[in-house]
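Here's the structure, in structure tokens; my notes come after.
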Amino acid sequence: MPLPLPLPPLLLCVCVCVCLCLYLTHLPRLASSEPDADKAALLAFLAGVGRGATARARINWPTTPLACAGPGPGWTGVTCSPDGARVVALHLPGLGLSGAVQPGTLGRLTALQLLSLRSNNLSGPLPADLLRLPALAGLHLHRNAFSGALPPGLAGLAALQALDLSSNGFGGGIPGALTSLTRLVALDLSNNSLSGRVPDLGLPALQFLNLSNNRLDGPVPPSLLRFADAAFAGNDLTRPPAAAPPAAAAPAARTRRVRLSEAAILAVAVGGCVLAFAVAAVLLLAFCNREGRDDDDDDTGGAGGKGGEKKGRESPESKAVIGKAGEGNRMVFFEGPALAFDLEDLLRASAEVLGKGAFGTAYRAVLEDATTVVVKRLSKEVSAGRRDFEQQMELVGRIRHRNVVELRAYYYSKDEKLLVYDYYASGSVSNMLHGKRGEERTPLDWETRWKIALGAARGVAHVHAENNGRFVHGNIKASNVFVNRDGYGCISDLGLAQLANPIAARSRSLGYCAPEVADTRKASQASDVYSLGVLVLELLTGRSPVQVSGGRGSEVVHLVRWVQSVVREEWTAEVFDGALLRVPDIEEEMVEMLQIAMACVSRTPDRRPKVADVVRTVEEVRRSGTGTRPPSPPATAADADQSEMESSSSAAAAAAQ
Numbered sequence: 001m002p003l004p005l006p007l008p009p010l011l012l013c014v015c016v017c018v019c020l021c022l023y024l025t026h027l028p029r030l031a032s033s034e035p036d037a038d039k040a041a042l043l044a045f046l047a048g049v050g051r052g053a054t055a056r057a058r059i060n061w062p063t064t065p066l067a068c069a070g071p072g073p074g075w076t077g078v079t080c081s082p083d084g085a086r087v088v089a090l091h092l093p094g095l096g097l098s099g100a101v102q103p104g105t106l107g108r109l110t111a112l113q114l115l116s117l118r119s120n121n122l123s124g125p126l127p128a129d130l131l132r133l134p135a136l137a138g139l140h141l142h143r144n145a146f147s148g149a150l151p152p153g154l155a156g157l158a159a160l161q162a163l164d165l166s167s168n169g170f171g172g173g174i175p176g177a178l179t180s181l182t183r184l185v186a187l188d189l190s191n192n193s194l195s196g197r198v199p200d201l202g203l204p205a206l207q208f209l210n211l212s213n214n215r216l217d218g219p220v221p222p223s224l225l226r227f228a229d230a231a232f233a234g235n236d237l238t239r240p241p242a243a244a245p246p247a248a249a250a251p252a253a254r255t256r257r258v259r260l261s262e263a264a265i266l267a268v269a270v271g272g273c274v275l276a277f278a279v280a281a282v283l284l285l286a287f288c289n290r291e292g293r294d295d296d297d298d299d300t301g302g303a304g305g306k307g308g309e310k311k312g313r314e315s316p317e318s319k320a321v322i323g324k325a326g327e328g329n330r331m332v333f334f335e336g337p338a339l340a341f342d343l344e345d346l347l348r349a350s351a352e353v354l355g356k357g358a359f360g361t362a363y364r365a366v367l368e369d370a371t372t373v374v375v376k377r378l379s380k381e382v383s384a385g386r387r388d389f390e391q392q393m394e395l396v397g398r399i400r401h402r403n404v405v406e407l408r409a410y411y412y413s414k415d416e417k418l419l420v421y422d423y424y425a426s427g428s429v430s431n432m433l434h435g436k437r438g439e440e441r442t443p444l445d446w447e448t449r450w451k452i453a454l455g456a457a458r459g460v461a462h463v464h465a466e467n468n469g470r471f472v473h474g475n476i477k478a479s480n481v482f483v484n485r486d487g488y489g490c491i492s493d494l495g496l497a498q499l500a501n502p503i504a505a506r507s508r509s510l511g512y513c514a515p516e517v518a519d520t521r522k523a524s525q526a527s528d529v530y531s532l533g534v535l536v537l538e539l540l541t542g543r544s545p546v547q548v549s550g551g552r553g554s555e556v557v558h559l560v561r562w563v564q565s566v567v568r569e570e571w572t573a574e575v576f577d578g579a580l581l582r583v584p585d586i587e588e589e590m591v592e593m594l595q596i597a598m599a600c601v602s603r604t605p606d607r608r609p610k611v612a613d614v615v616r617t618v619e620e621v622r623r624s625g626t627g628t629r630p631p632s633p634p635a636t637a638a639d640a641d642q643s644e645m646e647s648s649s650s651a652a653a654a655a656a657q
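Okay, here's the thing in structure tokens:
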């Protein structure tokens, strides 16, 4: 068979020109692709609920030809896919929409991923076709006047991650079919008229739950006992009483004396001041109560009907909010993964208090797109002016490291200062070591503790190298250390100590504060190393930096003082957490880590190692093979005497709190 002859050059040019002309002819249509079917569905929806004056004035759909493309703005609240072919999000909060959502409107938006119609006056039941959207991940209909029973069809939203139907008029029971929503992260059904028992939902991904202010009764199911009482307030629900936390045992009472080998004792004694080393790191979401904030956004006075009647009894603990945004203030975002939210999203996010620290209160917030962040609402102790605050945040926001909890955004106004961080589901190292109130702690194995210490030390080393080697953390403690996906420690709360009242900050960090900070009221890189050493001791012993022994004549016991006294008396094994002593073949590694920690908590700043040396030595603890380590400086009697003085003053300060 003969080979095909190549096209003549002239014919080839003609073909190319024809193809090019066809492409250019269709290019305008391709560039301005519009989701015509979705636009028709949206206009049908608006015709039913957008007849009020507020909606007509604030929604531009009838007068704007292009929903997604074009040089001008698209349709109000509409987000399209990158190619402009489908509508993927609809966000119409507080725009005066009223009436029932008709079937055959929003249910036709089959590519919709986010629907937010909160703070309107929508009423009636939920249309069945709305509950069959395959891609819907966020459904936010709170503060309306929807009524009827919660439809079991909600279980058909297989992709759903956030569901907020709070402050409406829903009645009947909670459908047991919700157990099929295995991707659900946030569920808020508060402030309705739901009745009956709460089904055992399971829902392994659930992080936020609010069932408060309904008519529910019976026991709280086992799978939901992990949520705080505020999630169930305003009902007739019962839950088993929380176990009382065990009384702190006096570390000085020794009933079991376990001696290490002579070589191990000698290693600790000689390395009492050793070369250098240790550990430290959420985040956090901030909110004040904002009764009526949503009403201010809605010209019609907010939701009417049953939903509107219940707004006044929302639990302040179950849904917290940041406060009002000042004129001209804005969220400032830093580099990193894109965060699709603004200040208004934070103001309305479902939030849960994580804890209160030296510089403010941290909240976990679930945004409308199911993103979970930590927002920290800074206290009045952080009193820096706008210029100093913004300069410090710009410096902190540039720090990127796998062992640093990165600052994603901040907000500054006269009345509010907010910081936004990534959320770490495992919680702080303090909670991991000591457990939350009313909960038993899960003992950490040696590998986990070593990785936490190494990660924290690496994080501190990176921070100390910032700002031309002059950056100081100033607030290293177990509650500011978190654990990343690889199990290594990450330090948090960077740069806040420099903006806060030094006396208040020091009083909140008892046990971690280096002795010289009490005199100078100024943190340094050497004082960071001291705090890191206390953290390592905490990991080794399982004890808090300051403890009050139980019983009559209670005694305040400082961890550093207690460890040094035990080591001097050659009962070193009593230092270590009992959960670690049962594990074979780790004694030598624990002794080496103890040497590192003892060097870090030296009374004299100049005798403490640099944090880079701490990192190197902690890495060598578990490095396979043999190698030489730098010699450790011997402990001195003066250091021991100074440590006794430091411990006494710290104990007295703790007793006075």
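Using the UniProt record's numbering, read the sequence shown as starting at 1 and increasing by one per residue.
For every residue, glycine included, the Cβ atom is placed at its ideal position computed from N, Cα and C.
In this text, all values refer to a predicted model and were calculated from it rather than measured experimentally.
Note to self: Does the structure place the stretch 131–143 close enough to the stretch 383–396 that three or more beta carbon pairs sit under 8 Å?
What the structure shows: Fewer than three Cβ pairs drawn from the stretch 383–396 and the stretch 131–143 lie within less than 8 Å of each other, which leaves the two stretches out of contact.
Item checked: G357 - partner residues in DSSP beta bridges -> G360
Check: Taking Cβ positions, are L206 and L184 nearer each other than 8 Å?
Finding: yes
Item checked: Spatial distance of R521 from K414 (CA atoms) -> 26 Å
Next item on the list: Inspect the CB distances between the stretch 427–434 and the stretch 402–410 and report whether three or more fall short of 8 Å.
Entry: As far as the Cβ criterion goes, the stretch 427–434 does not touch the stretch 402–410, which means the pair count is below three.
Checklist line | Minimum length 4: unbroken alpha helix (DSSP H) runs contained in the stretch 401–443 | finding: 429–434
Notebook entry, point to check: How many Å lie between N480 and S492 at the Cα?
Noted result: 5 Å
Notebook entry, point to check: Sorted by chain position, which residues of the same chain lie with C-beta nearer than 7 Å to L46's C-beta, five sequence neighbours on each side aside?
Noted result: I59, W61
Next item on the list: Measure the alpha-carbon distance for T238 versus G218 and round it to whole angstroms.
Entry: 6 Å
Notebook entry, point to check: Helix, strand or coil: which one does DSSP assign to I59?
Noted result: coil
Notebook entry, point to check: Can you name the start and end residues of the alpha helix (DSSP H) that R622 belongs to?
Noted result: Run containing R622: none; DSSP gives neither H nor E here.
Next item on the list: Return the chain-ordered list of same chain residues with a C-beta closer than 8 Å to the C-beta of S195, the five sequence neighbours on each side being excluded.
Entry: G171, G172, G173, N214, R215, L216, D217
Next item on the list: Check residue 689 in the structure and name its three-state DSSP category.
Entry: Outside the modelled stretch of the chain, which goes from 1 to 657, sits residue 689, for which no answer is possible.
Next item on the list: Using the Cα positions of S531 and Y512, report the straight-line distance between them to the nearest angstrom.
Entry: 5 Å
Note to self: Could you check whether V529 and V611 sit closer than 8 Å to each other, using their CB atoms as the reference points?
What the structure shows: yes
Notebook entry, point to check: To the nearest angstrom, how far is it from the Cα of L494 to the Cα of N475?
Noted result: 8 Å
Item checked: K306 - DSSP class collapsed to helix/strand/coil -> Unreliable positioning characterises K306 in this predicted model, as indicated by a pLDDT of 35, which lies under 50. A coordinate reading is not provided.
Check: Using CA coordinates, which residue listed in S602, I596, L131, G84 is at the minimum distance from T105?
Finding: By alpha-carbon distance to T105, the top candidate from S602, I596, L131, G84 is L131.
Check: Pick from A384, P82, G48, D606: whose alpha carbon is nearest that of P35?
Finding: P82
Next item on the list: Evaluate the contact criterion for the stretch 367–387 versus the stretch 452–470: three or more CB pairs, one atom per stretch, below 8 Å.
Entry: no
Notebook entry, point to check: Which residues share a DSSP beta bridge with K376?
Noted result: Within the DSSP secondary-structure output, K376 pairs in a beta bridge with L419.
Note to self: Looking at the secondary structure, which residues open and close the beta strand (DSSP E) in which A149 lies?
What the structure shows: From DSSP, the beta strand (DSSP E) with A149 extends over 145–149.
Notebook entry, point to check: Mapping DSSP to helix, strand and coil, what is G196?
Noted result: strand
Next item on the list: Measure the Cβ-Cβ separation of V198 and L178 and say whether it is below 8 Å.
Entry: no
Notebook entry, point to check: According to DSSP, which residues form a beta bridge with V546?
Noted result: H558
Note to self: Let me check one thing: in DSSP terms, what residues is residue 721 bridge-paired to?
What the structure shows: Any property of residue 721 remains undetermined from this structure, which presents the chain solely from 1 to 657.
Note to self: Taking the beta carbon of E574 as the centre, do at least 16 other beta carbons fall within 10 Å, making it buried, or is it exposed?
What the structure shows: buried
Checklist line | Contacts around R86, its chain only, beta-carbon distance under 7 Å, and the 5 residues preceding and following it disregarded | finding: Around R86: P35, D38, C80, A111.
Next item on the list: Rank L163, Y411, G578 by C-alpha distance to the C-alpha of A370 and give the top, closest one.
Entry: Ranking the options by Cα distance to A370, first place goes to L163.
Item checked: P93, buried or exposed, once every other Cβ within 10 Å from all chains shown has been counted against 16 -> buried
Notebook entry, point to check: How would you write the range of the beta strand (DSSP E) that residue 661 sits in, first residue to last?
Noted result: With the chain running from 1 to 657 in the structure shown, residue 661 is simply not present.
Next item on the list: Quick one: give me the first and last residue of the beta strand (DSSP E) that T541 is part of.
Entry: Where T541 is concerned, there is no enclosing beta strand (DSSP E), although the alpha helix (DSSP H) it sits in stretches over 525–541.
Next item on the list: Starting from L216, trace the beta strand (DSSP E) both ways and give me its first and last residue.
Entry: Per DSSP, L216 belongs to the beta strand (DSSP E) from 215–219.
Check: Can you pull the DSSP bridge partners for M331?
Finding: Y411
Note to self: Contact defined as beta carbons within less than 8 Å: I believe V560 pairs with L537. What is the distance between those atoms, to the nearest angstrom?
What the structure shows: Confirmed, about 7 Å.
Check: When we look at the beta-carbon of A41 and count the other beta-carbons within 10 Å, is it buried (16 or more) or exposed?
Finding: buried
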